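Residue numbers (UniProt numbering): 1 to 288. Ideal placement from N, C-alpha and C gives every residue a C-beta, glycine not left out. Quantities reported herein were computed from a predicted structural model and do not represent experimental measurements. Working notes, structure below.
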(Lines of atoms letter the chains of each structure in order from A and count residues from 1; the text may use other names and numbers.)
(Lines give C-alpha, C1' and ligand atoms only; values in the text may rest on other atoms or scores of the structure.)
Protein backbone atom coordinates (compact mmCIF):
# COMPACT_ATOMS: atom_id res chain seq x y z
CA UNK A 1 0.00 0.00 0.00
CA UNK A 2 1.33 3.43 -0.96
CA UNK A 3 2.08 5.73 1.98
CA UNK A 4 3.38 8.70 0.00
CA UNK A 5 3.02 9.58 -3.67
CA UNK A 6 5.19 12.15 -5.42
CA UNK A 7 4.08 13.28 -8.88
CA UNK A 8 5.93 15.57 -11.31
CA UNK A 9 7.50 17.68 -8.56
CA UNK A 10 9.67 20.65 -9.54
CA UNK A 11 11.72 22.67 -7.08
CA UNK A 12 13.38 26.02 -7.77
CA UNK A 13 15.67 28.15 -5.62
CA UNK A 14 15.68 31.91 -6.26
CA UNK A 15 18.93 33.76 -6.90
CA UNK A 16 19.85 37.35 -6.12
CA UNK A 17 20.65 37.87 -9.78
CA UNK A 18 19.16 36.03 -12.73
CA UNK A 19 16.57 33.32 -13.07
CA UNK A 20 15.76 30.79 -10.33
CA UNK A 21 17.80 27.59 -10.35
CA UNK A 22 15.83 24.39 -10.84
CA UNK A 23 16.90 21.77 -8.30
CA UNK A 24 14.34 19.02 -8.99
CA UNK A 25 12.95 18.13 -12.41
CA UNK A 26 9.56 16.37 -12.67
CA UNK A 27 10.33 13.91 -9.87
CA UNK A 28 7.77 11.09 -9.52
CA UNK A 29 7.74 7.94 -7.37
CA UNK A 30 5.82 6.21 -4.59
CA UNK A 31 6.86 5.11 -1.12
CA UNK A 32 5.17 1.94 0.06
CA UNK A 33 4.10 1.41 3.63
CA UNK A 34 6.73 -0.44 5.66
CA UNK A 35 9.52 -0.26 3.08
CA UNK A 36 12.93 1.37 3.10
CA UNK A 37 13.34 3.39 -0.08
CA UNK A 38 16.92 4.47 -0.65
CA UNK A 39 17.91 7.60 -2.56
CA UNK A 40 21.48 7.76 -3.80
CA UNK A 41 23.41 10.34 -5.77
CA UNK A 42 26.40 12.62 -5.58
CA UNK A 43 26.43 16.09 -4.03
CA UNK A 44 24.08 18.41 -5.90
CA UNK A 45 21.80 15.63 -7.13
CA UNK A 46 18.81 17.04 -5.23
CA UNK A 47 18.38 14.14 -2.82
CA UNK A 48 18.52 16.18 0.39
CA UNK A 49 16.18 18.80 -1.07
CA UNK A 50 13.77 15.99 -1.86
CA UNK A 51 13.81 14.88 1.77
CA UNK A 52 13.02 18.42 2.92
CA UNK A 53 10.01 18.56 0.59
CA UNK A 54 8.59 15.31 1.93
CA UNK A 55 8.79 16.61 5.49
CA UNK A 56 7.47 20.08 4.54
CA UNK A 57 10.66 21.75 5.73
CA UNK A 58 10.64 23.34 2.27
CA UNK A 59 7.95 23.84 -0.36
CA UNK A 60 7.86 22.97 -4.06
CA UNK A 61 6.62 24.95 -7.05
CA UNK A 62 4.95 22.40 -9.31
CA UNK A 63 3.53 18.89 -9.00
CA UNK A 64 1.98 17.19 -5.99
CA UNK A 65 2.91 15.21 -2.89
CA UNK A 66 0.25 13.08 -1.21
CA UNK A 67 0.56 11.46 2.22
CA UNK A 68 -2.03 8.76 2.86
CA UNK A 69 -3.92 10.03 -0.15
CA UNK A 70 -4.08 13.64 1.02
CA UNK A 71 -2.14 16.48 -0.64
CA UNK A 72 0.32 17.90 1.88
CA UNK A 73 0.12 21.45 0.52
CA UNK A 74 -3.58 21.87 1.42
CA UNK A 75 -3.48 20.60 5.01
CA UNK A 76 -5.43 22.49 7.65
CA UNK A 77 -3.60 23.69 10.76
CA UNK A 78 -4.79 20.63 12.69
CA UNK A 79 -3.92 18.26 9.83
CA UNK A 80 -0.49 19.84 9.46
CA UNK A 81 0.25 19.28 13.14
CA UNK A 82 -0.72 15.62 12.77
CA UNK A 83 1.40 15.34 9.61
CA UNK A 84 4.46 16.72 11.39
CA UNK A 85 4.00 14.14 14.12
CA UNK A 86 3.66 11.27 11.65
CA UNK A 87 6.57 12.38 9.45
CA UNK A 88 9.91 12.89 11.21
CA UNK A 89 13.48 13.48 10.08
CA UNK A 90 16.86 12.16 11.20
CA UNK A 91 19.35 14.85 10.26
CA UNK A 92 22.82 14.45 8.82
CA UNK A 93 24.60 16.56 11.42
CA UNK A 94 23.59 15.81 15.02
CA UNK A 95 25.59 18.82 16.25
CA UNK A 96 23.33 21.30 14.47
CA UNK A 97 20.07 19.41 15.07
CA UNK A 98 20.28 19.22 18.89
CA UNK A 99 19.75 22.28 21.08
CA UNK A 100 23.05 22.72 22.98
CA UNK A 101 21.24 24.37 25.90
CA UNK A 102 18.91 21.44 26.53
CA UNK A 103 19.64 18.25 28.42
CA UNK A 104 19.01 14.94 26.66
CA UNK A 105 15.93 14.39 28.83
CA UNK A 106 14.29 17.55 27.45
CA UNK A 107 15.50 16.99 23.90
CA UNK A 108 13.71 13.64 23.76
CA UNK A 109 10.56 15.17 25.25
CA UNK A 110 10.67 18.24 22.98
CA UNK A 111 8.33 16.82 20.33
CA UNK A 112 6.20 14.95 22.85
CA UNK A 113 5.44 18.18 24.70
CA UNK A 114 5.01 20.16 21.51
CA UNK A 115 2.39 17.76 20.17
CA UNK A 116 0.67 17.42 23.54
CA UNK A 117 1.28 13.68 23.76
CA UNK A 118 0.53 12.14 27.16
CA UNK A 119 3.29 9.74 28.20
CA UNK A 120 2.67 9.38 31.94
CA UNK A 121 5.95 9.16 33.85
CA UNK A 122 8.33 11.29 31.78
CA UNK A 123 11.48 9.87 33.37
CA UNK A 124 10.40 6.31 32.62
CA UNK A 125 9.44 7.31 29.08
CA UNK A 126 12.84 8.91 28.43
CA UNK A 127 14.65 5.90 29.87
CA UNK A 128 12.71 3.59 27.55
CA UNK A 129 13.55 5.73 24.51
CA UNK A 130 17.23 5.79 25.49
CA UNK A 131 17.26 2.02 25.91
CA UNK A 132 15.77 1.63 22.43
CA UNK A 133 18.74 3.44 20.89
CA UNK A 134 21.36 1.71 22.99
CA UNK A 135 22.02 4.41 25.60
CA UNK A 136 21.77 4.02 29.37
CA UNK A 137 19.59 6.23 31.56
CA UNK A 138 22.66 8.12 32.81
CA UNK A 139 22.69 10.06 29.53
CA UNK A 140 19.40 11.84 30.27
CA UNK A 141 21.06 14.55 32.37
CA UNK A 142 23.84 15.31 29.89
CA UNK A 143 24.10 18.13 27.39
CA UNK A 144 24.95 17.49 23.71
CA UNK A 145 28.46 18.87 24.25
CA UNK A 146 29.09 15.97 26.64
CA UNK A 147 28.25 13.35 24.01
CA UNK A 148 30.20 11.78 21.16
CA UNK A 149 28.97 12.10 17.59
CA UNK A 150 27.45 8.64 17.62
CA UNK A 151 25.72 9.28 20.94
CA UNK A 152 24.28 12.57 19.63
CA UNK A 153 22.86 10.82 16.59
CA UNK A 154 21.29 8.16 18.82
CA UNK A 155 19.63 10.93 20.82
CA UNK A 156 18.38 12.46 17.58
CA UNK A 157 16.88 9.12 16.60
CA UNK A 158 15.28 8.74 20.04
CA UNK A 159 13.75 12.21 19.74
CA UNK A 160 12.27 11.38 16.32
CA UNK A 161 10.83 8.07 17.54
CA UNK A 162 9.42 9.56 20.75
CA UNK A 163 6.36 10.95 18.91
CA UNK A 164 5.66 7.54 17.31
CA UNK A 165 5.95 8.53 13.64
CA UNK A 166 5.00 6.33 10.70
CA UNK A 167 7.50 7.74 8.21
CA UNK A 168 11.11 8.80 8.73
CA UNK A 169 13.38 10.66 6.34
CA UNK A 170 16.98 9.77 7.20
CA UNK A 171 19.22 12.31 5.46
CA UNK A 172 22.72 10.80 5.32
CA UNK A 173 22.43 9.92 9.02
CA UNK A 174 25.88 8.34 9.34
CA UNK A 175 28.02 10.46 7.00
CA UNK A 176 29.05 12.94 9.72
CA UNK A 177 30.07 10.18 12.15
CA UNK A 178 33.42 8.51 12.73
CA UNK A 179 33.88 5.41 10.61
CA UNK A 180 34.19 3.35 13.80
CA UNK A 181 30.56 4.06 14.78
CA UNK A 182 28.89 4.34 11.37
CA UNK A 183 28.04 0.63 11.17
CA UNK A 184 26.63 0.64 14.72
CA UNK A 185 24.24 3.51 14.01
CA UNK A 186 23.27 2.06 10.63
CA UNK A 187 22.43 -1.28 12.24
CA UNK A 188 20.40 0.54 14.90
CA UNK A 189 18.38 2.38 12.24
CA UNK A 190 17.73 -0.88 10.42
CA UNK A 191 16.78 -2.72 13.64
CA UNK A 192 14.30 -0.04 14.70
CA UNK A 193 12.67 -0.01 11.27
CA UNK A 194 12.01 -3.74 11.47
CA UNK A 195 10.85 -3.74 15.09
CA UNK A 196 8.45 -0.82 14.63
CA UNK A 197 7.42 -1.51 11.01
CA UNK A 198 8.45 2.02 10.05
CA UNK A 199 8.68 3.45 6.56
CA UNK A 200 11.99 5.12 5.65
CA UNK A 201 13.33 7.34 2.94
CA UNK A 202 17.05 6.72 3.40
CA UNK A 203 19.28 9.28 1.66
CA UNK A 204 22.95 8.54 1.04
CA UNK A 205 25.86 8.94 -1.34
CA UNK A 206 27.45 5.52 -0.67
CA UNK A 207 25.75 2.85 -2.77
CA UNK A 208 26.90 0.03 -0.52
CA UNK A 209 25.37 1.65 2.57
CA UNK A 210 22.11 2.37 0.74
CA UNK A 211 22.05 -1.18 -0.63
CA UNK A 212 22.49 -2.64 2.86
CA UNK A 213 19.41 -0.98 4.31
CA UNK A 214 17.05 -0.44 1.36
CA UNK A 215 14.35 -2.53 -0.29
CA UNK A 216 14.34 -0.31 -3.38
CA UNK A 217 16.78 2.35 -4.58
CA UNK A 218 16.31 5.59 -6.52
CA UNK A 219 19.36 6.89 -8.39
CA UNK A 220 19.39 10.69 -8.80
CA UNK A 221 21.57 13.02 -10.84
CA UNK A 222 21.19 16.77 -11.45
CA UNK A 223 17.73 16.82 -9.91
CA UNK A 224 16.29 13.96 -11.97
CA UNK A 225 15.56 10.32 -11.25
CA UNK A 226 17.63 8.18 -13.60
CA UNK A 227 16.80 4.71 -12.34
CA UNK A 228 14.53 2.99 -9.81
CA UNK A 229 14.77 -0.71 -8.94
CA UNK A 230 14.76 -3.21 -6.13
CA UNK A 231 18.16 -3.12 -4.45
CA UNK A 232 19.54 -6.43 -5.61
CA UNK A 233 18.18 -6.02 -9.13
CA UNK A 234 19.83 -2.62 -9.40
CA UNK A 235 23.19 -4.12 -8.49
CA UNK A 236 22.83 -7.21 -10.66
CA UNK A 237 21.30 -5.45 -13.67
CA UNK A 238 22.08 -1.70 -13.70
CA UNK A 239 20.89 -0.02 -16.87
CA UNK A 240 21.62 3.69 -16.78
CA UNK A 241 25.22 4.77 -17.53
CA UNK A 242 25.25 6.95 -14.41
CA UNK A 243 24.21 4.05 -12.18
CA UNK A 244 27.12 2.08 -13.59
CA UNK A 245 29.46 5.01 -12.93
CA UNK A 246 28.31 5.15 -9.31
CA UNK A 247 29.00 1.46 -8.90
CA UNK A 248 32.41 1.85 -10.48
CA UNK A 249 33.29 4.59 -8.00
CA UNK A 250 32.01 2.75 -4.89
CA UNK A 251 34.27 0.49 -2.80
CA UNK A 252 33.55 -3.07 -3.85
CA UNK A 253 31.99 -5.16 -1.08
CA UNK A 254 31.37 -8.28 -3.13
CA UNK A 255 33.82 -9.70 -5.72
CA UNK A 256 30.91 -10.57 -8.03
CA UNK A 257 30.08 -6.85 -8.24
CA UNK A 258 33.57 -5.81 -9.33
CA UNK A 259 33.75 -3.86 -12.56
CA UNK A 260 36.72 -3.14 -14.80
CA UNK A 261 35.54 0.22 -16.16
CA UNK A 262 37.59 3.26 -15.24
CA UNK A 263 35.71 6.11 -13.62
CA UNK A 264 35.86 9.52 -15.28
CA UNK A 265 35.92 12.60 -13.06
CA UNK A 266 33.86 14.73 -15.47
CA UNK A 267 30.16 15.44 -14.97
CA UNK A 268 28.39 14.08 -18.04
CA UNK A 269 25.33 15.78 -19.48
CA UNK A 270 22.77 13.07 -20.14
CA UNK A 271 20.17 15.59 -21.23
CA UNK A 272 16.61 15.96 -20.01
CA UNK A 273 14.64 12.88 -19.03
CA UNK A 274 11.99 12.41 -21.74
CA UNK A 275 10.39 9.21 -20.46
CA UNK A 276 11.10 5.99 -18.57
CA UNK A 277 11.64 2.51 -19.94
CA UNK A 278 10.16 -0.30 -17.86
CA UNK A 279 12.72 -3.08 -17.47
CA UNK A 280 10.53 -5.10 -15.08
CA UNK A 281 7.56 -4.49 -12.78
CA UNK A 282 9.75 -2.63 -10.29
CA UNK A 283 12.62 -1.44 -12.50
CA UNK A 284 12.49 1.83 -14.44
CA UNK A 285 15.32 3.60 -16.27
CA UNK A 286 15.35 7.11 -17.71
CA UNK A 287 15.29 7.68 -21.47
CA UNK A 288 16.95 10.91 -22.66
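Expected contact under 8 Å - CB spacing of residue i and residue j to nearest Å
| i | j | result |
| --- | --- | --- |
| residue 86 | residue 173 | The Cβ separation is near 19 Å, so there is no contact. |
| residue 1 | residue 31 | 10 Å between Cβ atoms; not a contact. |
| residue 285 | residue 232 | Going by Cβ atoms, the distance from residue 285 to residue 232 rounds to 16 Å, so no, they are not a contact pair. |
| residue 23 | residue 46 | 5 Å |
| residue 239 | residue 279 | 6 Å |
| residue 215 | residue 33 | With 8 Å as the limit, residue 215 and residue 33 do not qualify as a contact, their Cβ atoms being about 12 Å apart. |
| residue 163 | residue 88 | 7 Å |
Exposure of residue i, with buried meaning 16 or more beta-carbon neighbours within 10 Å
| i | result |
| --- | --- |
| residue 77 | exposed |
| residue 200 | buried |
| residue 242 | buried |
| residue 221 | buried |
| residue 289 | As shown, the chain starts at 1 and ends at 288. That puts residue 289 outside it, with no answer to give. |
| residue 147 | buried |
| residue 94 | buried |
| residue 18 | exposed |
| residue 20 | exposed |
| residue 136 | exposed |
| residue 156 | buried |
| residue 71 | exposed |
| residue 144 | buried |
| residue 178 | exposed |
| residue 57 | exposed |
| residue 127 | buried |
| residue 281 | exposed |
| residue 171 | buried |
Run of the alpha helix (DSSP H) containing residue i, from where it starts to where it stops
| i | result |
| --- | --- |
| residue 86 | 77 to 86 |
| residue 174 | From DSSP, residue 174 is part of no alpha helix (DSSP H); its letter is neither H nor E. |
| residue 49 | 47 to 54 |
| residue 113 | 104 to 114 |
| residue 180 | 179 to 196 |
| residue 272 | Residue 272 -> no alpha helix (DSSP H), and no H or E assigned at all. |
Alpha carbon of residue i to alpha carbon of residue j, nearest angstrom
| i | j | result |
| --- | --- | --- |
| residue 196 | residue 37 | 16 Å |
| residue 92 | residue 82 | 24 Å |
| residue 100 | residue 151 | 14 Å |
| residue 159 | residue 15 | 35 Å |
| residue 116 | residue 110 | 10 Å |
| residue 130 | residue 277 | 46 Å |
| residue 124 | residue 141 | 13 Å |
| residue 98 | residue 190 | 22 Å |
| residue 62 | residue 48 | 18 Å |
| residue 218 | residue 59 | 21 Å |
| residue 283 | residue 182 | 29 Å |
| residue 113 | residue 138 | 22 Å |
| residue 149 | residue 237 | 37 Å |
| residue 52 | residue 122 | 30 Å |
| residue 292 | residue 184 | Any property of residue 292 remains undetermined from this structure, which presents the chain solely from 1 to 288. |
N-terminal and C-terminal residue of the beta strand (DSSP E) that residue i is part of
| i | result |
| --- | --- |
| residue 68 | Careful: residue 68 lies outside any beta strand (DSSP E) and carries neither H nor E. |
| residue 44 | From DSSP, residue 44 is part of no beta strand (DSSP E); its letter is neither H nor E. |
| residue 199 | 199 to 204 |
Paired residues, beta bridge with residue i - DSSP
| i | result |
| --- | --- |
| residue 10 | 62 |
| residue 283 | 280 |
| residue 22 | 12 |
| residue 216 | 37 and 230 |
| residue 29 | 6 |
| residue 221 | 224 |
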